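Residue numbers (the working numbering): -8 to 176.
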């Protein structure tokens, strides 16, 4: 079994009570970051055992959510509590068509992941949406959102992989870069 499949199975196997508790803790940790609270933040709708960020999304005034445009393209659109959502071809809810928000208009991206390592490498679902969207040198802070059980010692990093500045798990923040550490000031 591949590492991606193993980590996804581990994430999905978490009891619902642990999933909920971890989500509450991660949202509390996010609310401790001034940059995350003040900035324009990309979040996501949880899928396949990912940490549920709706408690954070519901209280943050400047959230954008991902919208899948094609097999290789993703954008972000604003979302406020009460806005209508639709389900995309993967079964993930996303905002209705509207004005897209580009990467440079974002301060931070809360990115889902399958696994992360101690050097800030991120293993995603495999489609490369986040790596392609944030491939430019200048980009917002990349913050992985994960259960602690998704941590692995090492992950291969390819030239196109966008590294994380920090990750937030139920145990708190783990920063990999100076930009990641600045989010906690």
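Glycine is no exception: its CB is placed at the ideal position from the N, C-alpha and C atoms. What you are looking at is a predicted structure, and each value in this text was computed from that prediction instead of being measured.
*Out of 27, 21, 144, state which residue places its alpha-carbon closest to the alpha-carbon of residue 131.*
The residue you call residue 131 lines up with position 140 of the chain shown. Per the Cα distances, 27.
*Which residues does DSSP pair with residue 33 in a beta bridge?*
Taking the first residue of the chain shown as 1, we reach residue 33 at position 42. In DSSP, residue 33 forms a bridge with 55, 100.
_At the level of alpha carbons, what is the spacing between residue 71 and residue 147?_
For the purposes of this step, residue 71 is taken as residue 80 along the chain shown, with counting starting at 1. For the purposes of this step, residue 147 is taken as residue 156 along the chain shown, with counting starting at 1. Answer to the nearest angstrom: the Cα atoms are 37 Å apart.
*Okay, do the region 120 to 127 and the region 55 to 73 touch, 3+ Cβ pairs below 8 Å being the bar?*
yes
*Among the residues of its own chain, which have a CB less than 8 Å from the CB of residue 74, if the five just before and after it don't count?*
Looking up residue 74 in the chain shown gives position 83. Contacts found: 86, 87.
_Judging by CA-CA distance, which residue of 145, 18, 93 is the nearest neighbour of residue 67?_
Stepping through the chain shown from its first residue, residue 67 is reached at position 76. Nearest C-alpha to residue 67: 93.
*Return helix, strand or coil for residue -7, following the three-state DSSP convention.*
Looking up residue -7 in the chain shown gives position 2. Coil, per DSSP.
*What's the gap between the Cα of residue 107 and the Cα of residue 113?*
As a first step, residue 107 is located in the chain shown; it is residue number 116 there, counting from the start. As a first step, residue 113 is located in the chain shown; it is residue number 122 there, counting from the start. Computed Cα separation, rounded: 5 Å.
_Taking its Cβ as the centre, do 16 or more other Cβ atoms sit within 10 Å of residue 135, making it buried, or is it exposed?_
Along the chain shown, one-based indexing puts residue 135 at 144. Looking at its Cβ environment, which holds 16 or more other Cβ atoms inside 10 Å, residue 135 is buried.
*Residue range of the alpha helix (DSSP H) that residue 108 falls in?*
Looking up residue 108 in the chain shown gives position 117. Here residue 108 belongs to no alpha helix (DSSP H); instead the beta strand (DSSP E) covers 106 to 108.
*Option in 170, 154, 50 with minimal Cα separation from residue 124*: The residue labelled residue 124 in the question sits at position 133 within the chain shown. Minimum Cα distance to residue 124 is reached at 154.
*Cβ separation of residue 158 and residue 17, assumed to be a contact under 8 Å, to the nearest whole Å*: Your numbering for residue 158 matches position 167 in the chain shown. Your numbering for residue 17 matches position 26 in the chain shown. That pair is no contact at about 10 Å.
*Is the CB-CB distance between residue 185 and residue 84 below 7 Å?*
The structure shown does not extend to residue 185, since the chain is modelled only from -8 through 176, so no value can be given for it.
*What span of residues does the alpha helix (DSSP H) with residue 46 cover, start to end?*
Taking the first residue of the chain shown as position 1, residue 46 is located at position 55. Note, residue 46: alpha helix (DSSP H), 45 to 50.
*Determine which residues share a DSSP beta bridge with residue 160 and list them.*
In the chain shown, residue 160 corresponds to position 169, counting from 1. Looking at the DSSP assignment, residue 160 forms a beta bridge with 163.
*Go through its chain and collect everything with a Cβ distance to residue 21's Cβ below 7 Å, but skip five positions before and after it.*
For this step, residue 21 is matched to residue 30 along the chain shown. Only 27, 47, 159 meet the Cβ criterion.
*Going by DSSP, which residues form a beta bridge with residue 67?*
The residue given as residue 67 occupies position 76 in the chain shown. 57, 92, per the DSSP bridge assignment.
*In the DSSP assignment, find the unbroken alpha helix (DSSP H) run with residue 16 in it and report its ends.*
As a first step, residue 16 must be located in the chain shown, where it is residue number 25. Run containing residue 16: 7 to 21, per the alpha helix (DSSP H) assignment.
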